[in-house]
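Okay, so here's the structure we're looking at.
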Amino acid sequence: MDEIVEKPASDSLTDGRNRKVSYLRVSVTDRCNMRCVYCMPEDVKFFPDNELLTYKEIERIAGLGASMGITKIRLTGGEPLAREGIETLVSGLKTIEGLKELSLTTNGLLLERYAPRLAGAGLDRVNVSLDTLDAEKFKKICRAGDIEDVISGIQAAGRAGLSPIKVNVVVMRGRNDNEVADFVDFAVRENVSVRFIEFMPFTRDEDWRSRFVSREEIMESARVKYELTEQTNGNPSEPARYFKVGGAEAYIGFISPVSHGFCSMCNRLRLTADGVLLGCLREKSGLNLKYILRNGATDEEVSAAFRIAVAAKSSHGRFDNLGERPMHKIGG
Ligand code: SAM
Ligand code: SF4
149 MDEIVEKPAS DSLTDGRNRK VSYLRVSVTD RCNMRCVYCM PEDVKFFPDN ELLTYKEIER
209 IAGLGASMGI TKIRLTGGEP LAREGIETLV SGLKTIEGLK ELSLTTNGLL LERYAPRLAG
269 AGLDRVNVSL DTLDAEKFKK ICRAGDIEDV ISGIQAAGRA GLSPIKVNVV VMRGRNDNEV
329 ADFVDFAVRE NVSVRFIEFM PFTRDEDWRS RFVSREEIME SARVKYELTE QTNGNPSEPA
389 RYFKVGGAEA YIGFISPVSH GFCSMCNRLR LTADGVLLGC LREKSGLNLK YILRNGATDE
449 EVSAAFRIAV AAKSSHGRFD NLGERPMHKI GG
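Shown next as structure tokens:
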């Protein structure tokens, strides 16, 4: 019998600072069925359809990434459920050898309808963004949609087994900073983890500092009602700090790119909806994979683009200034 020789995983996605890249966030569209105040202007212009990567192109890029050490993929946007046939992409990606986790971040509006088919197509889990538990505030922050649909979506995702579910809350002064304890209650009640994210300036919002709330302040608001005990999961690339909520099975997390950057342990690359490979949310330019793919690139040429993106990855992304690209164009 022939001896089975296990091939070592390629180390070509490790950069000069010894950061091993294993996580690819893929934006499948820049379109969205919401217009969150901190993310997208109301009169936004979207990429024409032919500028978006096709599902086949995304699968090819993801497959080559996986052959070089990508083990985790998250689909994001824009709103990923707003792109038709997203479950087709999920089932295509699911067959990729070496991929250990396939997840998706959504605003939840269409999740009740999509959860069973996403689970059926092989999606492992979802993160859902929800910035307020108040229906009127929801309309002001998201400028479209209905909070009840998001709540039903979270519950449907739980029933479909797309868990553990993480709920992302961007905390903004004067908008929802008085709801921190309510969200901890929500985590306990709905059996989800809630992660409080610091507001990052992306659009031409010169006034962002007046909206910014730091991790320390958010944590203090949560501690008014709950005892929090820090947890460690041993993953040095995890950007969130997690805490167990006293007297409950729930966890809350804090993602604090502005006050406590996590660049030194960053393990991710980003693929924008129009096919640009970026090492960081804050990079101005990246390699246009769509262009090279549509001009007949070989697998080796696409793999070389991955290596270049990793080598060029920022050592320290600045999150305390206005970004070059809006969040929905990069894929948050
Ligand atoms: N539409 C999906 C959603 O909202 O979950 C996926 C895309 S959205 C751009 C991904 C994440 O980025 C969301 O959790 C959203 O709250 C977060 N986000 C967008 N703009 C942000 C900002 N200025 N600061 C912090 N987080 C932001
Ligand atoms: Fe859409 Fe998500 Fe941006 Fe809100 S945060 S506008 S839901 S892409």
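Numbering (our numbering), first residue to last: 149 to 480. Heads up, the beta-carbon is just placed ideally off N, CA and C, and yes, glycines get one too. Only a predicted model underlies this, so the values are computations on that prediction, with no experimental measurement involved.
- Counted within 10 angstroms of its Cβ, other Cβ atoms place Val-372 as buried (16 or more) or exposed: For the purposes of this step, residue 372 is taken as the residue at position 224 of the sequence shown. When all chains shown are included, Val-372 counts as exposed.
- Could you please give the first and the last residue of the uninterrupted beta strand (DSSP E) stretch that includes Ala-388? Locating residue 388 in the sequence shown gives position 240, counting from the first residue. Looking at the DSSP string, the run of the beta strand (DSSP E) that includes Ala-388 is 388–393.
- Message: Could you give the first and the last residue of the continuous beta strand (DSSP E) run that contains Glu-245?
- Response: Within the sequence shown, the letter at position 97 stands for residue 245. Counting along the chain, Glu-245 sits inside no beta strand (DSSP E), nor does DSSP assign it H or E at all.
- Message: Less than 6 Å between C-beta atoms, sequence neighbours within five positions excluded: which residues of the same chain meet that for Asp-297?
- Response: For the purposes of this step, residue 297 is identified with residue 149 of the sequence shown, where counting begins at 1. Cβ neighbours of Asp-297 beyond the five flanking positions: Leu-257.
- Query: Near Val-238, which residues of its chain fall below 7 Å by C-beta distance, leaving aside the five closest residues on each side in sequence?
  - Reply: Translated into the one-based positions of the sequence shown, residue 238 becomes position 90. Around Val-238: Leu-250, Leu-266, Ala-269, Gly-270 and Leu-271.
- Could you tell me whether any non-hydrogen atom of the ligand SAM is closer than 7 Å to the CB of Phe-485? No answer is possible for residue 485: it lies beyond the span of the chain, which begins at 149 and ends at 480.
- With a 10 Å radius around its C-beta and 16 neighbouring C-beta atoms as the bar for buried, classify Ala-459 as buried or exposed. Numbered from 1 along the sequence shown, position 311 holds the residue referred to as residue 459. Looking at its Cβ environment, which holds fewer than 16 other Cβ atoms inside 10 Å, Ala-459 is exposed.
- Message: Excluding the 5 residues flanking Asp-447 on each side, which residues of the same chain have their C-beta closer than 7 Å to its C-beta?
- Response: By 1-based counting over the sequence shown, the position of residue 447 is 299. Within the same chain, Asp-447 has close Cβ partners Leu-212.
- Task: Would you identify the three-state DSSP class for Thr-236, choosing helix, strand or coil?
- Result: Stepping through the sequence shown from its first residue, residue 236 is reached at position 88. Three-state DSSP puts Thr-236 in a helix.
- So is the beta-carbon of Asn-255 under 7 Å away from any non-hydrogen atom of the ligand SF4? As a first step, residue 255 is located in the sequence shown; it is residue number 107 there, counting from the start. The answer is yes for Asn-255.
- Message: Please report the distance separating the alpha-carbon of Phe-198 from that of Arg-291.
- Response: Residue numbering aside, residue 198 sits at position 50 when the sequence shown is read from its first letter. Residue numbering aside, residue 291 sits at position 143 when the sequence shown is read from its first letter. For the sequence presented, residue 198 should be read as Asn rather than Phe. Rounded to whole angstroms, Asn-198 and Arg-291 show a C-alpha spacing of 27 Å.
- Quick one: what's got a C-beta closer than 6 Å to Ala-398's C-beta in the same chain, skipping five residues either side? Here residue 398 is taken as the residue at index 250 of the sequence shown, counted from 1. Ala-335 and Val-336, listed in sequence order.
- Message: Here's a check: name, in chain order, each residue in its chain whose Cβ is nearer than 8 Å to the Cβ of Leu-281, leaving out the five neighbours to either side.
- Response: Within the sequence shown, residue 281 is the residue found at index 133, counting from 1. These residues qualify, in order along the chain: Ile-295, Glu-327, Asp-330, Phe-331 and Phe-334.
- Kindly identify the DSSP beta-bridge partner or partners of Ser-175. Looking up residue 175 in the sequence shown gives position 27. In DSSP, Ser-175 forms a bridge with Thr-224.
- Task: Determine the burial state of Thr-254: buried for a count of at least 16 other Cβ atoms within 10 Å of its Cβ, exposed for fewer.
- Result: Stepping through the sequence shown from its first residue, residue 254 is reached at position 106. Classification for Thr-254: buried.
- What do you get for Leu-167, buried or exposed, if any count of 16 or more other CB atoms within 10 angstroms of its CB means buried? By 1-based counting over the sequence shown, the position of residue 167 is 19. First, the amino acid is wrong: residue 167 is Arg here, not Leu. Its Cβ being crowded by 16 or more others within 10 Å, Arg-167 is buried.
- Within 8 Å, strictly: CB atoms of Ala-388 and Ile-403: Residue mapping note: residue 388 aligns to position 240 of the sequence shown, counting from 1. Residue mapping note: residue 403 aligns to position 255 of the sequence shown, counting from 1. Less than 8 Å divides the Cβ of Ala-388 from the Cβ of Ile-403.
- Task: Return yes when at least one heavy atom of the ligand SF4 lies under 7 Å from the C-beta of Met-188, else no.
- Result: Start at 1 with the first residue of the sequence shown, and residue 188 comes out as number 40. Yes, the beta carbon of Met-188 sits closer than 7 Å to at least one heavy atom of the ligand SF4.
- Return the residue from the list Leu-247, Ile-302 and Lys-193 that minimises the CA-CA distance to Ile-218. Walking along the sequence shown from the start, residue 218 turns up at place 70. Leu-247 is the residue among Leu-247, Ile-302 and Lys-193 whose C-alpha sits nearest the C-alpha of Ile-218.
- Fully enclosed by the region 342–416, which beta strand (DSSP E) runs are 3 residues long or longer? Complete beta strand (DSSP E) runs here, min 3: 376–379, 388–393 and 399–403.
- Message: Are the CB atoms of Arg-363 and Ser-407 within a distance shorter than 8 Å?
- Response: The sequence position of residue 407 within the sequence shown is 259, counting from 1. The sequence position of residue 363 within the sequence shown is 215, counting from 1. Yes, Cβ-Cβ distance for Ser-407 and Arg-363 is below 8 Å.
- Message: Classify Asn-381: buried if its beta carbon has 16 or more other beta carbons within 10 angstroms, exposed otherwise.
- Response: What you label residue 381 is simply residue 233 of the sequence shown in a count that begins at 1. With a 10 Å radius around the Cβ and a threshold of 16 neighbouring Cβ atoms, Asn-381 comes out exposed.
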